[in-house]
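Asker: Please see the structure below; I have some questions.
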Amino acid sequence: MPIKNHIKQSLIIAFWFMILTFPIMVIKVNAIQQTIDFRWANFLWVGIFTFFASMIWNYFLRRNEEQKKTDIADDIPLVHRLLQNDRFRRPFLGLLAAFFIAYPFVFPMYHTSIMISALVYVMLGLGLNIVVGLAGLLDLGYVAFYAVGAYAYALLNLHFGLSFWVVLPMSALLGTLFGVLLGYPVLRLRGDYLAIVTLGFGEIIRIVLENWDDFSNGPRGISDIPAPTFFGHHFGQHDAMIYMYFIVIALVLMTIFFVNRLENSKIGRAWIALRDDEIACQAMGIDKFKTKLTAFALGATWAAMGGVVFAAKTSFINPMSFTIWESITILCVVVIGGMGSAIGVIAGALVLILLPEYLRAVAEYRMLVFGALQVIVMVFKPDGLIKSVRKVYTFNVQEKAIHEQTHT
Amino acid sequence: MNKPILNVKNLTMNFGGLKALDDVTIRLEKGQIAALIGPNGAGKTTFFNCITGIYEPTTGEVLITPPGKNTQSLRRLKPNYVTERGIARTFQNIRLFHGMTVLENVLIGRHCRLSSGIIKAMLQPPSQKNEEKQAVFDSYEILEKIGLAKYVNDMAVNLPYGAQRRLEIARALATDPFLLLLDEPAAGMNPQETKELDDLILWLRDNEDVSILLIEHDMKLVMSLSDWIHVVDYGKKIAEGTAADIKANPEVIKAYLGEESEDA
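Set out below in structure tokens:
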């Protein structure tokens, strides 16, 4: 398409935007003097800004398409190439480790706190990635399991005085149990229907927590939830935060470790097969229902553990922390990060949770920028920030010969 | 006399008022390559779906006798259990797993022959590692046999068409079947690819100890391959016999070409 058409298109878009934003950008009612001000300068600025934005948008869109034409197959994301390359892997991971170890000592407590939230979302994202990214089950009620974990810690601590370290593994089991209980009736559904029902289940858990006053203290929530201790030792506020940070780092590493192993195992492959083609999957001897249920239950396990960490970190929880928006944020983490890609989900969580915090400077437009960013990612990187790459198996004749010797 | 490995008795499948299959009886002997032919919409794929458990037949019975085992019924078995009992199939419209590599597609076929569960997958004890290694080597070997070894780490969706069809066969073979159901394996293939497929199917029967039942429209392929041919039309079986019998059968010619009009 010639450049003339682009200019014409951008002009039309600019004009349309000028009219669209006219009531809010131009007209200003001055209630005190009872006059209406017309700010015509804004009218012009909107036009100019939209025109150039549209031109840039078009340029990138075209470039994206041309790139797609030239190389179809080998577009492995940079991070994967770094990790696959033996020379770069160690320094790269070393640098990453150094950054995360130094982080709470270099930056003030506020930043550590934000990072903890982001890392909890990494856990949640990796858990939901099993359900949505790998098994292809659209779960909009994921926050329910997060709530189960958080309330499990809060209530067990309140009534029985159980500590963080006792509740953490218990909540993981509890999460699995809830995953199976909720999954069992709903997993016969697929696609949109499953999404609607899980959405309902998520809300039911929240509403129960809100209204069952005797059990959960209702909307007032539960306060004074203790931070984790180190073999009985209590920390001061600052040190407790740093301690919490390293607990979350350890949990995230554990999550990555297990999820990675699951992904390249018999069960992980079955999840992906189920996502790609249900009928073929069954014809290959895979039990559809069992496979779905394991994905659902394992996803719930990590959500519950994330919930425990969340409760311990904020020391106060109420049902408002577990609304549908939380589910949607976690889903955004998975989709924008890259469905089925663990590295993508980690990047997605860090970007999506840290960015709004650092955008507080432009507080008013924070959510606007955030939304625009999501649209941009989806247009230019529909597979997510870092898309998934399947494991590569190597074969050489020697190895095979040795293998055959040992097995015959 | 040996029992037939597949014995389908009086199979009828109704979809509401439509009789997709009407009293079809088919027997398949061990080591046989049999073909199921018929005009479009005759009910061939429905027949496959009834055997493999995707549909539950209205009436009739499907009995199998795996080599060295007793006769058993496949009634009300889910597709995954049918596969476990040794019947594997391919699909008319290719149904590969797009998000996976060629090797992983075959590994999925090994799924029901592996035993490691979730806990083992997370902790990876030596038994799980060995099993996984073995599965990868088995799958690679199958790919070598089928002639797809060079694509091993490519994404399944990027394969040429003919190779995708062969990969479906490789994947089915990975489930260790005694009976392979091929639904139009040559559809959309060029003559060269069809020739290779012909060789592959014969090779499979002779070396892999599987019997084969195939649906196919390519008559040259059917006639050259099949030991026995079953013809269905409008859900009814109208003929069976060797290639020569079927070629000469007036019923079959009528089904394919239509009847000569009286006053022509």
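In the order they appear, the protein sequences are chains G and B.
537 is the number that this note's numbering gives the last residue of the first sequence; the numbers go up by one with no jumps.
1628 is the number that this note's numbering gives the last residue of the second sequence; the numbers go up by one with no jumps.
Positions of the beta carbon are idealized from the N, C-alpha and C atoms, including for glycine.
1. Please work out which residues of its chain come closer than 6 Å, Cβ to Cβ, to G/GLY176, disregarding the five sequence neighbours upstream and downstream, and give them in chain order.
2. Any idea which residues DSSP pairs B/ARG1453 with across the strands?
3. Using the rule of at least 16 other Cβ atoms within 10 Å of the residue's Cβ for burial, across every protein chain shown, is G/GLN366 buried or exposed?
4. Less than 7 Å between C-beta atoms, sequence neighbours within five positions excluded: which residues of the same chain meet that for B/ILE1565?
5. How long is the line joining the alpha carbons of G/VAL437 and G/TYR374, rounded to whole angstroms?
6. Say whether chain G places a C-beta atom closer than 7 Å to the C-beta of B/PHE1411.
7. Hey, G/TYR275 and G/GLY428: beta-carbon distance below 7 Å or not?
8. Could you check whether G/ARG495 and G/PRO511 sit closer than 7 Å to each other, using their CB atoms as the reference points?
9. In the DSSP assignment, find the unbroken beta strand (DSSP E) run with G/GLY331 in it and report its ends.
10. DSSP three-state label for G/ALA182, please.
11. Assuming B/GLY1407 and B/LEU1543 make a contact with CB atoms under 8 Å, what is their CB distance in whole Å?
12. Using a cut-off of 8 Å between C-beta atoms, extract the partners of G/THR423 located in chain B.
13. Just the Cα atoms here: how many angstroms apart are G/ILE475 and G/GLY256?
14. Is G/VAL309 close to chain B? Criterion is C-beta to C-beta, closer than 7 Å.
15. Shorter than 7 Å from the beta carbon of B/ALA1534 to some beta carbon of chain G?
16. Cβ atoms of G/SER517 and G/GLY466: under 7 Å apart, would you say?
17. How close, in whole Å, do the beta carbons of B/THR1454 and B/GLU1532 come, if the pair is a contact with beta carbons under 8 Å?
18. Just to confirm, is the Cβ distance from B/LEU1585 to B/ASP1609 under 7 Å?
19. Can you tell me which of B/LEU1370, B/PRO1403, B/LYS1383 and B/VAL1516 puts its alpha carbon nearest to the alpha carbon of B/THR1621?
20. Let me know the secondary structure DSSP gives G/ARG218 once reduced to three states.
21. Does B/PHE1461 have its Cβ less than 7 Å from a Cβ in chain G?
22. State buried or exposed for B/LEU1469, treating a residue as buried only when at least 16 other CB atoms are found within 10 Å of its CB.
23. Over the uninterrupted beta strand (DSSP E) stretch that includes G/THR420, give me the two end residues.
24. Residues bridged to B/LYS1373 by DSSP?
25. Assign B/ALA1619 to one of three DSSP states: helix, strand, or coil.
26. Could you name the residues that DSSP lists as bridge partners for B/MET1519?
27. My output table needs one value for G/THR305: the three-state DSSP class, helix, strand or coil.
28. Strictly below 8 Å CB to CB, what residues from chain B border G/LEU398?
29. Residues of the region 1545-1572 of chain B with a CB closer than 7 Å to any CB of chain G: list them in chain order, please.
30. Pop quiz: B/THR1376 and B/PRO1421 are said to be a contact at Cβ under 8 Å. What is the actual Cβ separation, rounded to whole angstroms?
31. Please report the distance separating the alpha-carbon of G/SER345 from that of B/GLN1528.
32. List the residues of chain G that B/ASN1517 touches, going by C-beta distances under 7 Å, in chain order.
33. Which residues of the region 1425-1451 of chain B have a Cβ closer than 9 Å to any Cβ of chain G? Give them in chain order.
34. For a contact meaning CB atoms closer than 8 Å, what does G/SER470 contact in chain B?
35. Taking G/TYR462 and G/GLY254 to be in contact with their CB atoms under 8 Å, please state how far apart those CB atoms are, rounded to whole angstroms.
36. Does the CB of B/ARG1529 have a neighbour CB from chain G at under 7 Å?
Answerer: Per the coordinate set shown:
1. By one-based count along the first sequence, residue 176 of chain G stands at place 47. So the list reads ALA143 and MET147, once near-sequence residues are dropped.
2. Counting from one through the second sequence, the residue named residue 1453 of chain B turns up at place 89. Answer by DSSP bridge pairing, in chain order: B/LEU1545.
3. Locating residue 366 of chain G in the first sequence gives position 237, where the first residue counts as 1. So G/GLN366 counts as exposed.
4. Counting from 1 along the second sequence, the entry for residue 1565 of chain B is found at position 201. The answer, listed in chain order, is ILE1397, ILE1576 and LEU1589.
5. As a working mapping, residue 437 of chain G is identified with position 308 in the first sequence. As a working mapping, residue 374 of chain G is identified with position 245 in the first sequence. Answer to the nearest angstrom: the Cα atoms are 14 Å apart.
6. Locating residue 1411 of chain B in the second sequence gives position 47, counting from the first residue. No, B/PHE1411 does not count as interfacial toward chain G.
7. Taking the first residue of the first sequence as 1, we reach residue 275 of chain G at position 146. Taking the first residue of the first sequence as 1, we reach residue 428 of chain G at position 299. Going by C-beta atoms, G/TYR275 is not nearer than 7 Å to G/GLY428.
8. One-based indexing of the first sequence puts residue 511 of chain G at position 382. One-based indexing of the first sequence puts residue 495 of chain G at position 366. Not a contact, by the Cβ cut-off of 7 Å.
9. By one-based count along the first sequence, residue 331 of chain G stands at place 202. No beta strand (DSSP E) holds G/GLY331; the alpha helix (DSSP H) holding it covers 320-340.
10. Working through the first sequence from its first residue, we reach residue 182 of chain G at position 53. DSSP places G/ALA182 in helix when its eight states are reduced to three.
11. Within the second sequence, numbered from 1, the residue matching residue 1407 of chain B stands at position 43. Within the second sequence, numbered from 1, the residue matching residue 1543 of chain B stands at position 179. The pair is not a contact, with the Cβ atoms about 19 Å apart (cut-off 8 Å).
12. Within the first sequence, numbered from 1, the residue matching residue 423 of chain G stands at position 294. Those are ILE1482, listed as they occur along chain B.
13. Here residue 475 of chain G is taken as the residue at index 346 of the first sequence, counted from 1. Here residue 256 of chain G is taken as the residue at index 127 of the first sequence, counted from 1. The straight-line gap from Cα to Cα measures roughly 11 Å.
14. Translated into positions along the first sequence, residue 309 of chain G becomes position 180. Output row for G/VAL309: interface = no.
15. On the second sequence, position 170 is the one that residue 1534 of chain B refers to. Cβ-Cβ to chain G under 7 Å: no for B/ALA1534.
16. Looking up residue 466 of chain G in the first sequence gives position 337. Looking up residue 517 of chain G in the first sequence gives position 388. No.
17. Within the second sequence, the letter at position 90 stands for residue 1454 of chain B. Within the second sequence, the letter at position 168 stands for residue 1532 of chain B. That pair is a contact at about 4 Å.
18. Taking the second sequence and counting its residues from 1, the one referred to as residue 1585 of chain B is at position 221. Taking the second sequence and counting its residues from 1, the one referred to as residue 1609 of chain B is at position 245. No, Cβ-Cβ distance for B/LEU1585 and B/ASP1609 is not below 7 Å.
19. For the purposes of this step, residue 1621 of chain B is identified with residue 257 of the second sequence, where counting begins at 1. The sequence as given places Leu at residue 1621 of chain B; Thr does not occur at that position. Ranking B/LEU1370, B/PRO1403, B/LYS1383 and B/VAL1516 by Cα distance to B/LEU1621 puts B/PRO1403 first.
20. Reading the first sequence from its first residue, position 89 is the one you call residue 218 of chain G. Note: G/ARG218 maps to helix in three-state DSSP.
21. Residue numbering aside, residue 1461 of chain B sits at position 97 when the second sequence is read from its first letter. Closer than 7 Å to some Cβ of chain G, the Cβ of B/PHE1461 qualifies, so yes.
22. Locating residue 1469 of chain B in the second sequence gives position 105, where the first residue counts as 1. Per the sequence shown, residue 1469 of chain B should be read as Asn rather than Leu. Looking at its Cβ environment, which holds 16 or more other Cβ atoms inside 10 Å, B/ASN1469 is buried.
23. What you label residue 420 of chain G is simply residue 291 of the first sequence in a count that begins at 1. It is not in any beta strand (DSSP E) - G/THR420 instead sits in the alpha helix (DSSP H) that spans 417-443.
24. Against the second sequence, residue 1373 of chain B aligns to sequence position 9. The partner list for B/LYS1373 (beta bridge, DSSP) reads B/GLU1425.
25. Your numbering for residue 1619 of chain B matches position 255 in the second sequence. In the structure shown, B/ALA1619 sits in a helix (DSSP, three-state: H, G or I).
26. As a first step, residue 1519 of chain B must be located in the second sequence, where it is residue number 155. In the DSSP output, where bridge partners are listed per residue, B/MET1519 has B/THR1465.
27. Against the first sequence, residue 305 of chain G aligns to sequence position 176. Helix at G/THR305.
28. Numbered from its first residue, the first sequence carries residue 398 of chain G at position 269. For the sequence presented, residue 398 of chain G should be read as Arg rather than Leu. Chain B residues near G/ARG398: MET1464, GLU1468, LEU1471, ILE1472 and HIS1475.
29. none
30. Along the second sequence, one-based indexing puts residue 1376 of chain B at 12. Along the second sequence, one-based indexing puts residue 1421 of chain B at 57. Indeed, because the Cβ distance is near 7 Å, the residues count as touching under 8 Å.
31. Within the first sequence, residue 345 of chain G is the residue found at index 216, counting from 1. Within the second sequence, residue 1528 of chain B is the residue found at index 164, counting from 1. The straight-line gap from Cα to Cα measures roughly 56 Å.
32. Within the second sequence, residue 1517 of chain B is the residue found at index 153, counting from 1. Residues of chain G passing the Cβ test: VAL521 and TYR522.
33. LYS1442, PRO1443, ASN1444, TYR1445, VAL1446, THR1447 and GLU1448
34. For the purposes of this step, residue 470 of chain G is taken as residue 341 along the first sequence, with counting starting at 1. In chain order: nothing, as chain B lies at least about 11 Å away.
35. Taking the first residue of the first sequence as position 1, residue 462 of chain G is located at position 333. Taking the first residue of the first sequence as position 1, residue 254 of chain G is located at position 125. The sequence as given places Val at residue 462 of chain G; Tyr does not occur at that position. Right, the Cβ-Cβ distance comes to about 4 Å (below 8 Å), so this counts as a contact.
36. Residue 1529 of chain B sits at position 165 when you count from the first residue of the second sequence. No, its Cβ sits nowhere closer than 7 Å to a Cβ of chain G.
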